[in-house]
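These notes concern the structure reproduced below.
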Amino acid sequence: MDSSFSLFGLSIELDLKSFLLFTAVFIITADYIKNRRPAGFPPGPWTVPILGNIFSLDQNRPHEKLIELAGTYGDVFSLRIGQEWTVVLNGFKTLKEALVTKGDSFADRPDQPLQEDIGGGLGVITSNGKLWKQQRRFALSTLRSFGFGKKSLEPIITKEFTKCAEELRSYKGKPFSPHLILNNSVSNIIAQLVFGHRFEYGDKKFVKLMLLFNEGLQIEASIWAQLYNSFSLVMRYLPGPHQTVKQIWIEVQDFIKVELDEHKKSWDPSDPRDYIDCYLKEIQTSKGQDESTFDEANLIICVLDLFVAGSETTSTTLRWAFLYMAKYPEIQEKVQEEIDRVIGQSRDPTMEDRTNMPYTDAVIHEVQRMGNILPLSLPHTTSKDVQLGGYTIPKGVTVIPNLASALFDKNEWEMPLTFNPGNFLNEEGKFVRPAAFIPFSAGKRLCLGENLARMELFLFFTSFMQRFTFSMPAGVKPVMDYCAGLTLSPKQYEICAVPRQEQL
2 MDSSFSLFGL SIELDLKSFL LFTAVFIITA DYIKNRRPAG FPPGPWTVPI
52 LGNIFSLDQN RPHEKLIELA GTYGDVFSLR IGQEWTVVLN GFKTLKEALV
102 TKGDSFADRP DQPLQEDIGG GLGVITSNGK LWKQQRRFAL STLRSFGFGK
152 KSLEPIITKE FTKCAEELRS YKGKPFSPHL ILNNSVSNII AQLVFGHRFE
202 YGDKKFVKLM LLFNEGLQIE ASIWAQLYNS FSLVMRYLPG PHQTVKQIWI
252 EVQDFIKVEL DEHKKSWDPS DPRDYIDCYL KEIQTSKGQD ESTFDEANLI
302 ICVLDLFVAG SETTSTTLRW AFLYMAKYPE IQEKVQEEID RVIGQSRDPT
352 MEDRTNMPYT DAVIHEVQRM GNILPLSLPH TTSKDVQLGG YTIPKGVTVI
402 PNLASALFDK NEWEMPLTFN PGNFLNEEGK FVRPAAFIPF SAGKRLCLGE
452 NLARMELFLF FTSFMQRFTF SMPAGVKPVM DYCAGLTLSP KQYEICAVPR
502 QEQL
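Everything in the sequence shown is counted per the working numbering, starting at 2 for the first residue and increasing by one.
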């Protein structure tokens, strides 16, 4: 009897092992058949069943890993993220052909569950079609009317720098962290355009908002976001940072809703004060029109997008600028010499000075290039089948433009991995902007805030160099490592800002 039970138990155990083995083989085979590369599709590395290449990419240096893979598979290659194929574009020539020459085919954004759960497909950054065109056109025209990228905005930027300079002087040359100060200062520019007012340094609600931005952008570029987008039906119910990032953007939206409610109490349609007032007027004007995409839900996401586009990249670039000036004091000194010669110490810089300051302009651009703030841009998707690099990319495939591969393209830059302002100067010492300089991306999805960012970078950087000399604390060397996220930011550091009045 005992032997009969033993044989029965052994039979069940063998049947269970056989079933599990069969199931595993079936899943792997089905996954291979379902997800094998289509004919004519770009090549790429071997993929793991179910997960694809999610765990084979270095999350701490993703753009560098993609450049390495391009060395093996070519400038157009493919990865599988979960169950979806993604095509990666590398090198300036490839990026230009895709984003500019064939820009209509690459202008859409992919449908990503995490972004859909956060923003509902609204706003100006991740939306598509009619909604995207209406919202982008309205945002650009409205912000231009308030001085976006125009000379009339210069006094606002200069006034904000004055506030920031007072904050820096309060440290009396002692070490401080510039992170939140710069975030607050730069964000106040877009805040005045959107909300109609600035926020004081140390405002607890605004400081929290800046910290939320920083954390949210890091998580959105993490493996948790990739897992969420690949396996959303499961990940929606599992704990982790992917749940944290949703809560972060809910808090940001709640902050914007408070501002919106305050506007609705006092707004006058005949006298709009800022972007929100103009948007409320547009909602009222277009009410009942079938083609209209204007409502309060869209307004909230548009404001969120404008803050990300109009502040995060600029403040991060200035943090890199401080580090590079501390690392290369001879370059900082040369910038200050040019400022003293062209502007002096008695007046504030203006955008008209830029043409007479080629070296300073070159340094700013080199900081942008080496800082490499948005290395992978934002994902695109093909709106139809398209030929690129000898391969066929079908409609609906996610495309990652590796902007870093253009900024460090050895075929485009004489010294791609060295900080060298000469990259932007010709033999006569005049400023030149190489075509491969595309930190704001290119084509139809060019960064909405580029004009504002360029104005802010010149006025802020020149003003900082005019008023202060930056150096590391005694005994500390600059650390040029970055923290990977949607943006590449320098690791937290402290720096000393000594007023130049004490040196002159």
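Glycine is no exception: its CB is placed at the ideal position from the N, C-alpha and C atoms. Source: prediction; values computed, not measured.
query	result
Just checking, does the stretch 408-420 make contact with the stretch 143-162 on the three C-beta pairs under 8 Å criterion?	no
Output yes or no for whether 8 Å exceeds the beta carbon distance between Pro539 and Gly430.	For the chain, the structure presents residues 2 to 505; residue 539 sits outside this window and is missing.
Can you tell me whether DSSP reads Trp133 as helix, strand or coil?	helix
Count the other CB atoms within 10 Å of the CB of Ser271; is the residue buried (16 or more) or exposed (fewer)?	exposed
Using 10 angstroms around the beta-carbon of Leu239, count the other beta-carbons present and answer buried if the total reaches 16, otherwise exposed.	exposed
Which residues in the same chain as Ser233 place their Cβ atom closer than 6 Å to its Cβ, once the five residues preceding and following it in sequence are excluded?	Pro114
Less than 8 Å between the C-beta atoms of Asn215 and Phe200, yes or no?	no
Work out the CA separation of Ser57 and Pro500 for me, nearest whole Å.	48 Å
Alpha helix (DSSP H) containing Ser186: first to last residue?	180-195
Do the CB positions of Phe308 and Glu260 come within less than 8 Å of each other?	no
So does the stretch 246-258 actually touch the stretch 278-289, counting three or more Cβ pairs closer than 8 Å?	no
Give the range of the beta strand (DSSP E) segment to which Trp86 is assigned.	85-90
For Thr399, which of helix, strand or coil comes out of DSSP?	strand
Checking the sheet assignment: what are the DSSP bridge partners for Ser79?	Val88
Whose C-alpha, out of Arg145, Tyr202, Ile301, Leu154, is nearest the C-alpha of Glu167?	Tyr202
Measure the alpha-carbon distance for Pro330 versus Pro435 and round it to whole angstroms.	25 Å
Give a yes or no on contact between the stretch 488-500 and the stretch 461-471, applying the rule of three or more CB pairs nearer than 8 Å.	yes
Can the beta-carbon of Thr383 be found closer than 8 Å to that of Gly372?	no
Where does Ile251 land, buried or exposed, given buried means 16+ other C-beta within 10 angstroms?	exposed
On the premise that Val89 lies in contact with Asn403, defined as a C-beta separation below 8 Å, what is that separation, rounded to the nearest angstrom?	6 Å
DSSP on Leu169, reduced to helix/strand/coil?	helix
Ignore the nearest five residues each way along the sequence and tell me which others in Lys66's own chain have a CB closer than 6 Å to its CB.	Leu58, Asp59
Under a Cβ-count criterion, where at least 16 other Cβ atoms within 10 Å of its own Cβ denotes burial, should His198 be classed as buried or exposed?	exposed
Grouping DSSP H, G and I as helix and E and B as strand, with all else coil, what is Leu426?	strand
The beta strand (DSSP E) that contains Thr470, what's its start and end?	469-472
Do the CB positions of Pro39 and Pro380 come within less than 8 Å of each other?	no
Just mark Gln248 as buried or exposed, buried being the case when its beta carbon has 16 or more other beta carbons within 10 Å.	exposed
Kindly list the residues whose CB is nearer than 7 Å to the CB of Glu495, restricted to its own chain and excluding five residues on each side of it in sequence; keep chain order.	Pro176, Phe177, Ser178, Pro474
Please say whether Phe147 and Asp275 have beta carbons closer to each other than 8 Å?	yes
Considering Cα atoms alone, identify which of Gln493, Arg446, Gly450, Phe459 is closest to Leu100.	Arg446
The alpha helix (DSSP H) spanning Ile251 covers which residue range?	242-267
What does the Cβ neighbour count give for Arg348, buried or exposed, with the cut at 16 atoms within 10 Å?	exposed
So, are the CB atoms of Gln569 and Val125 less than 8 Å apart?	With the chain running from 2 to 505 in the structure shown, residue 569 is simply not present.
Find out if the Cβ-Cβ distance for the pair Val364, Val343 is shorter than 8 Å.	no
Taking 8 Å as the CB-CB cut-off, is Glu117 touching chain B?	You won't find chain B in this structure, because it holds only one protein chain.
Look up Asp306 in the DSSP assignment and say whether it is helix, strand or coil.	helix
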